[in-house]
């Protein structure tokens, strides 16, 4: 969820939304989202419809998913969209991979809360000239990843549109404490599951053409085409007592910045600690740090915990996770990068602005 | 949900989805949806992720909403999309009305199951040149209707797109028995809440220009601009023991056909029983029957019940509902229209084919 990516309600400052006479590209994606979120929360009379039936809103707009408590547990919902020419092109993303990835980005949101993904509704916007066989490939890709993760498509909508878009809404369930992005505290260490930058590297290989044969290239392209959201890791983290997490989807540095912004703190990331696959270093001997920090679409989990918790947690996880930084006092959302020569610089917000 | 509009699983015939070499416009919306639904259900390994936590899928793709049981009740989810140039134009649907209607069509899906709408996630596809003030109007319209119905927006996504689209995902809850579209039986009477054709009449006035002043015209345009989904009526119907219902969104005759198709039966609709507001007859003395049967976007509830149940139910409803037809043996999905001169004709499927 993008509304979710930005802000936790805990540090919402209500904006005045007077007449602005601006286009959204001038205001920027995050400006637009902040103002609309504030408007929704201020002017909303609910959420109280479900109170009599035991429903209570637990996480509002501002995290990877929204969540509510019921009599029996916590339920989650998230939604994510991919638009042709904006999030993908047919050249780099075949239909089957598009299906996989559209579902993966949502599963990853559920994973980052520590939840188990459950039911999906799929909306497709399609030009009438779409080949039916392509559509079957798209569904084939969704079914492949869904069967890996136990997710079931249970409904949706299909509409005519001049441009292909795919919106997935995904529910999930959680039997313990949710991990939020707003709860990091000073002195926490930052950890990530899996490798960083592989997806960005794979995309770069495809865009640059040539130079993409061989095992290392294949591995990186596979990272881009078929990301595996860290559902098991997320559940394990939550069970082990980690309170703070989000998914790494827009690039590690950018997502660290979002977590710090939501938590009202800064962070320092250590280049030498970045978990990078040898294939990325092999194919991008000069750019691998940049790809690991800003590549995007890794669909791993970024989490924060006190050092003693972190020590314990890292040994519990079924697959490796590593410490990559620390939470410090400072400008909310500030991220600095420290390399192994001791140089430190502020991370530019490599943030993807949809309207910029 | 459109996947929902078509078929209940009870009469799914698995299709062979071999290589077809067809574009979706050739196959038609319903052909595409049928084949994809069959593929999803056949190839899906789930839904079983939630079983350990007490979740059980109750209504699959093929009705107005999907639904699952939890330990404490039944939960619903639906999704509906509007695309500029396909479902609306800025000429006939100002931004505020677009917000209202995008939410109304989803609330109506929950209403037709007998449920209470709860939480919404909103996805917007927007060109970068979109005026921020227009976006506030859009959210203003969503908030207006949400506050009327107790719905809360709790998340969403916002993406760049060359064409405006808005996708709403909406959850709901139900404490009793769901009303389905597949459970009509021979001898049932068909009832509808509210008036038919007002929205279609209002749209026609706006498209034809001129001739749209005066009280009757205002009323009809209001029907088109601000439909009021029948949530209270739906809950009352379910509580009174009605088992079969769906929302009237694509035109009454078309929706009767869908209910009959899902139930494997035919129906006869009586022109003289059609609930039509005097304003529609005043503005469209020649076309009101056609508008009432095929107008679309009424967002009322069509329901079926045995005569004795129907008798009892009609007196219980807080707002009027009337009998408009009967369920008979025949070709599944067949609908005939009987006028007050005793002439009977087969209803053309005035069905909106997105890709046709």
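Protein chains in written order, with this note's numbering: chain A, 654 to 1009; chain L, 654 to 1009.
The C-beta atom is built at its ideal place from N, Cα and C for all residues, glycine as well.
Keep in mind it's a predicted model, so treat the numbers as computed, not measured.
*Using the Cα positions of residue 998 of chain L and residue 920 of chain L, report the straight-line distance between them to the nearest angstrom.*
12 Å
*Count the other CB atoms within 10 Å of the CB of residue 993 of chain A; is the residue buried (16 or more) or exposed (fewer)?*
exposed
*asked:* Just checking: is the beta-carbon of residue 657 of chain A within a distance shorter than 8 Å of some beta-carbon in chain L?
replied: Caution is warranted here: a pLDDT of 34 is assigned to residue 657 of chain A, below 50, making its placement in the model unreliable, and the coordinate value is therefore given only provisionally. Yes, residue 657 of chain A lies at the interface with chain L (some Cβ there is under 8 Å from its Cβ).
_So residue 874 of chain L contacts chain A; which residues on that side make the cut at Cβ distance below 8 Å?_
Within 8 Å Cβ-Cβ: nothing; residue 874 of chain L doesn't reach chain A, min ~24 Å.
_the segment 961–974 of chain L in contact with the segment 851–868 of chain L per 3-pair CB rule at 8 Å_ = no
*Could you tell me whether the segment 927–942 of chain A touches the segment 811–830 of chain A, where touching means 3 or more Cβ pairs closer than 8 Å?*
no
_For residue 945 of chain L, the nearest candidate out of L:914, L:972, L:913 and L:908 (CA to CA)_ = L:908
*Throw me the rounded Cβ distance for the residue 892 of chain A and residue 829 of chain A pair, which I believe falls under 8 Å.*
6 Å
*Can you tell me where the alpha helix (DSSP H) with residue 978 of chain L in it begins and where it stops?*
Segment 974–981 is the beta strand (DSSP E) holding residue 978 of chain L; no alpha helix (DSSP H) there.
*Of all Cβ atoms in chain L, is any one closer than 8 Å to the Cβ of residue 747 of chain A?*
no
*Work out the CA separation of residue 952 of chain A and residue 806 of chain A for me, nearest whole Å.*
21 Å
_Which complete alpha helix (DSSP H) runs does the segment 894–969 of chain L hold, if anything under 4 residues is left out?_
905–916, 931–936, 941–947 and 960–969
*Taking residue 916 of chain A and residue 835 of chain A to be in contact with their CB atoms under 8 Å, please state how far apart those CB atoms are, rounded to whole angstroms.*
5 Å
*Below 8 Å on the Cβ atoms is my guess for residue 820 of chain A versus residue 729 of chain A; work out the distance and round it to an integer in Å.*
Incorrect: roughly 17 Å between the Cβ atoms, too far for contact.
*According to the neighbour-count rule (16 or more other Cβ atoms, all chains shown, within 10 Å of its Cβ), is residue 674 of chain L buried or exposed?*
exposed
*asked:* What would DSSP say about residue 813 of chain L, mapped onto helix, strand or coil?
replied: strand
*Residues in its own chain within less than 7 Å of residue 774 of chain A by CB, not counting five upstream and five downstream?*
807, 808, 809 and 822
_Complete beta strand (DSSP E) runs within the segment 676–757 of chain A (minimum length 3 residues, chain order)_ = 709–712, 719–722 and 727–736
*When DSSP labels each residue in this structure, what does residue 612 of chain A get in the three-state scheme?*
A question about residue 612 of chain A goes unanswered here, because the residues of chain A that appear run from 654 up to 1009.
*asked:* Please tell me whether residue 698 of chain A has its Cβ less than 8 Å away from any Cβ of chain L.
replied: yes
*What's the gap between the Cα of residue 594 of chain A and the Cα of residue 697 of chain L?*
The first residue shown for chain A is 654 and the last is 1009, placing residue 594 of chain A beyond what the model contains.
*Looking only at C-alpha atoms, which of L:746, L:740 and L:884 sits nearest to residue 766 of chain L?*
L:884
*Quick one, are the C-beta atoms of residue 887 of chain L and residue 977 of chain L less than 8 Å apart?*
no
_Tell me the rounded alpha-carbon separation between residue 664 of chain A and residue 988 of chain A._
Confidence at residue 664 of chain A is low in this model, with a pLDDT of 33, below 50, so the placement of that residue should be treated as unreliable; the coordinate-derived value is given next. Between residue 664 of chain A and residue 988 of chain A, the C-alpha separation is close to 18 Å.
_Ranges of the alpha helix (DSSP H) found wholly within the segment 776–806 of chain L, counting only runs of at least 4_ = 785–802
*Does residue 816 of chain A get closer than 8 Å to chain L when you measure Cβ to Cβ?*
yes
*Do residue 678 of chain L and residue 737 of chain A have their C-beta atoms closer together than 8 Å?*
no
*residue 999 of chain L, enclosing beta strand (DSSP E) - first and last residue*: 997–999
*Who are the Cβ neighbours of residue 827 of chain L in its own chain at under 8 Å, not counting the five residues just before and after it?*
720, 726, 727, 728, 729, 766, 767, 768, 769 and 891
*Just tell me which of L:711, L:800 and L:895 has its CA closest to the CA of residue 959 of chain L.*
L:895
*Which two residues bound the contiguous alpha helix (DSSP H) that contains residue 843 of chain A?*
Where residue 843 of chain A is concerned, there is no enclosing alpha helix (DSSP H), although the beta strand (DSSP E) it sits in stretches over 842–846.
*Indicate whether at least one CB of chain A lies closer than 8 Å to the CB of residue 709 of chain L.*
no
*Status (buried if at least 16 other CB within 10 Å, exposed otherwise) for residue 744 of chain A*: exposed
*Which value, in whole angstroms, describes the spacing of the CA atoms of residue 1001 of chain L and residue 871 of chain A?*
54 Å
*Coil, strand or helix - residue 890 of chain A by DSSP*: helix
*DSSP on residue 853 of chain A, reduced to helix/strand/coil?*
helix
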